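These notes are about the structure you will find just below.
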Amino acid sequence: MNLAELVRLAGVVGAGGGGFPAHVKLSARADTVIANGAECEPLLHKDAAVMEHRPRDVVRGVELAMDAVGATAGFVAIKTKNQHAVETITAACTGTRVQVKLLGDYYPAGDEYDLVHEVTGRLIPAAGLPIHAGVVVNNVETLANIAAAAEGRPVTLKYLTIAGAVREPVTLAVPVGTSFAECIAAAGGATVPDPVLCLGGMMMGETTTNLDVPVTKTSTGVIVLSREHPVVKRKLTPPAAKARIGKSACDQCRFCTEFCPRFLLGYAVEPHLVMRGLGFNATGKQDWNDWAALCCACGLCTLYACPEQLFPKEACDDAKSALRAANRKWTGPTTPRPHPMREGRRVPIKALLRKLSLEDLNAPAPLRAEPLASARVRLRLKQGAGAPGQPLVAAGARVAAGEVVAEPPTGALGARLHAPFAGVVEAVTATEIVLSRSA
Numbered sequence: 191m192n193l194a195e196l197v198r199l200a201g202v203v204g205a206g207g208g209g210f211p212a213h214v215k216l217s218a219r220a221d222t223v224i225a226n227g228a229e230c231e232p233l234l235h236k237d238a239a240v241m242e243h244r245p246r247d248v249v250r251g252v253e254l255a256m257d258a259v260g261a262t263a264g265f266v267a268i269k270t271k272n273q274h275a276v277e278t279i280t281a282a283c284t285g286t287r288v289q290v291k292l293l294g295d296y297y298p299a300g301d302e303y304d305l306v307h308e309v310t311g312r313l314i315p316a317a318g319l320p321i322h323a324g325v326v327v328n329n330v331e332t333l334a335n336i337a338a339a340a341e342g343r344p345v346t347l348k349y350l351t352i353a354g355a356v357r358e359p360v361t362l363a364v365p366v367g368t369s370f371a372e373c374i375a376a377a378g379g380a381t382v383p384d385p386v387l388c389l390g391g392m393m394m395g396e397t398t399t400n401l402d403v404p405v406t407k408t409s410t411g412v413i414v415l416s417r418e419h420p421v422v423k424r425k426l427t428p429p430a431a432k433a434r435i436g437k438s439a440c441d442q443c444r445f446c447t448e449f450c451p452r453f454l455l456g457y458a459v460e461p462h463l464v465m466r467g468l469g470f471n472a473t474g475k476q477d478w479n480d481w482a483a484l485c486c487a488c489g490l491c492t493l494y495a496c497p498e499q500l501f502p503k504e505a506c507d508d509a510k511s512a513l514r515a516a517n518r519k520w521t522g523p524t525t526p527r528p529h530p531m532r533e534g535r536r537v538p539i540k541a542l543l544r545k546l547s548l549e550d551l552n553a554p555a556p557l558r559a560e561p562l563a564s565a566r567v568r569l570r571l572k573q574g575a576g577a578p579g580q581p582l583v584a585a586g587a588r589v590a591a592g593e594v595v596a597e598p599p600t601g602a603l604g605a606r607l608h609a610p611f612a613g614v615v616e617a618v619t620a621t622e623i624v625l626s627r628s629a
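Here our numbering is used: the first residue of the sequence shown is 191, the next is one more, and so on.
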């Protein structure tokens, strides 16, 4: 059985947030494999923890992926600032085909377009994927899971950081399906009343007040904040108000564009032109929307660059939705050329922390040695790209640890789900399987 099939059977998806089924990437051909350990979301440390505590699994995963896709080069990309993780991953790479690539502490260093250019010097064609530049990119935790899959072990645990307004910031390994409320309790609880959760980080994450949201295979962490935090207030602004404010207040200063990491790599992303399009109701609006087609939704324009605290990232999100609805594909130039001022305009994480009012919450979040022993989990049937899984169990069924409980439809893109522990199925709904641990 080849590696791609073993990875499919183990239910491995991108663990850095994207959730793309890993077996599909391993079925391609490429000359380079990159382990993405850049982890540029402020306050999150789970990738550094994985590299520090499971370095051999990460390196083994890279080598396995290299063999699967026919690559001759393999890299682990990690920020120089993560000194302990750099030391452990460097030691693990010694005597292997894998090299360490040190990165500066910039945001968004983990964006695939940025990362491929930093590591290989290549530029992904506009609207393309890393594979179009001969590269396969996977998160470091994904590669550790690939190494486990090669030994027949499915994905049942997830690493994530609990940070922000909690008593004890910590990185945990938890059963997939554990509630964020339980994770926050394991960090000593929130230190603010009525907390708001930024799932996946401040810049690109989802904001919610629901603490019962379950951890999925794509979860990277949660930042707990007060409802009165300035960034939370901005994120909770109603979408219609964001558009209305932008339509009336944008003065076309271009700061959103000049700091855009995709623009600085030479791609045709110009958020200020998308903002200009807010003033159009019908005729011509699609032409302004085109300037958002290659946006990576990193959030720098909204949360860092705009001097008027407007919402160009959200305008780009809406523009991309409109383009998809109209089935309008990118037809512009596909060969980018980096901006001559790119290096001088990259945004250091320290500067971003100041802008986000997070400096006081920037604390270590060490990995806790033992995985969290959750008694009850809610396994969402859709935990990444593709179709949701189809349940293979019914309420009342007893399942073993690691047993397959859901599978995507035959021939569809998706990933298997496995029981993280032995237990009893409480319920099966259209969106999730609820499982309680056996006594």
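Note that the Cβ used here is the ideal one computed from N, Cα and C, for glycine as well. The structure displayed is predicted, hence computed values, not measured ones.
Checklist entry - Who are the Cβ neighbours of Ala377 in its own chain at under 7 Å, not counting the five residues just before and after it? => result Taking Ala377 as the centre and dropping the five residues before and after it, the same chain places the C-beta of Ile352, Val356, Arg357, Glu358, Pro359, Val360 closer than 7 Å to its C-beta, in chain order.
Checklist entry - Run through DSSP, which three-state label would Leu234 get? => result Coil.
Next on the checklist: Could you compute how far the alpha carbon of Val382 sits from the alpha carbon of Asp402?
Outcome noted: Those two C-alpha atoms are separated by around 17 Å.
Checklist entry - Looking at the unbroken beta strand (DSSP E) that takes in Met293, where does it start and where does it end? => result One point to set straight first is that residue 293 is Leu, not Met, in the sequence displayed. Boundaries of the beta strand (DSSP E) around Leu293: 288 to 293.
Next on the checklist: My parser needs the alpha helix (DSSP H) runs of 4 or more residues fully inside the region 418 to 468; what are they?
Outcome noted: Along the region 418 to 468, the alpha helix (DSSP H) occurs as fully enclosed runs of 4 or more residues at 420 to 425, 429 to 439, 445 to 448, 451 to 454, 461 to 466, listed in sequence order.
Checklist entry - To the nearest angstrom, how far is it from the Cα of Leu426 to the Cα of Arg544? => result Leu426 and Arg544: Cα-Cα distance of roughly 20 Å.
Next on the checklist: Just list the residues that DSSP pairs Thr397 with in beta bridges.
Outcome noted: According to the DSSP secondary-structure assignment, Thr397 is paired through a beta bridge with Cys388.
Next on the checklist: Whole angstroms are fine: how far does the CA of Glu231 sit from the CA of Leu468?
Outcome noted: Going from the Cα of Leu468 to the Cα of Glu231 covers about 29 Å.
Checklist entry - Are Ala605 and Lys407 close, meaning C-beta to C-beta below 9 Å? => result Yes, they are a contact pair.
Checklist entry - Alpha carbon to alpha carbon, what distance is there between Ser409 and Glu396? => result About 11 Å.
Next on the checklist: Would Pro327 and Val345 be called neighbours here (beta carbons separated by less than 9 Å)?
Outcome noted: Note on residue identity: the sequence assigns Val, not Pro, to residue 327. Cβ atoms of Val327 and Val345: not closer than 9 Å.
Checklist entry - Beta-carbon separation of Ala439 and Ala505 under 9 Å? => result No, Cβ-Cβ distance for Ala439 and Ala505 is not below 9 Å.
Checklist entry - Would a C-beta distance cut-off of 9 Å place Ala266 and Val248 closer than the cut-off? => result Checking the sequence, you will find Val at residue 266 rather than Ala. In this structure, Val248 lies closer than 9 Å to Val266 by Cβ.
Checklist entry - Cα separation between Ile539 and Tyr297? => result Rounded to the nearest angstrom, the two C-alpha atoms are 6 Å apart.
Next on the checklist: Classify Glu460: buried if its beta carbon has 16 or more other beta carbons within 10 angstroms, exposed otherwise.
Outcome noted: Counting Cβ neighbours within 10 Å, Glu460 comes out buried, since at least 16 surround it.
Item to check | Beta-carbon proximity check, Val252 vs Arg219, cutoff 9 Å | outcome: Going by beta carbons, Val252 and Arg219 fall outside the 9 Å limit.
Item to check | Segments assigned beta strand (DSSP E), at least 3 residues, entirely inside the region 313 to 364 | outcome: Counting only runs of 3 or more, we get 325 to 329, 347 to 354.
Next on the checklist: Per DSSP, what are the beta-bridge partners of Asn226 in this structure?
Outcome noted: Under DSSP, Asn226 shares a beta bridge with Ala267, Asn329.
Next on the checklist: Starting from Ser511, trace the beta strand (DSSP E) in both directions and tell me its first and last residue.
Outcome noted: Note, Ser511: premise wrong, no beta strand (DSSP E); alpha helix (DSSP H) at 502 to 515.
Next on the checklist: Measuring alpha carbon to alpha carbon, tell me which residue in Leu233, Glu593, Ala194, Ala334 is nearest Asp257.
Outcome noted: Nearest C-alpha to Asp257: Ala194.
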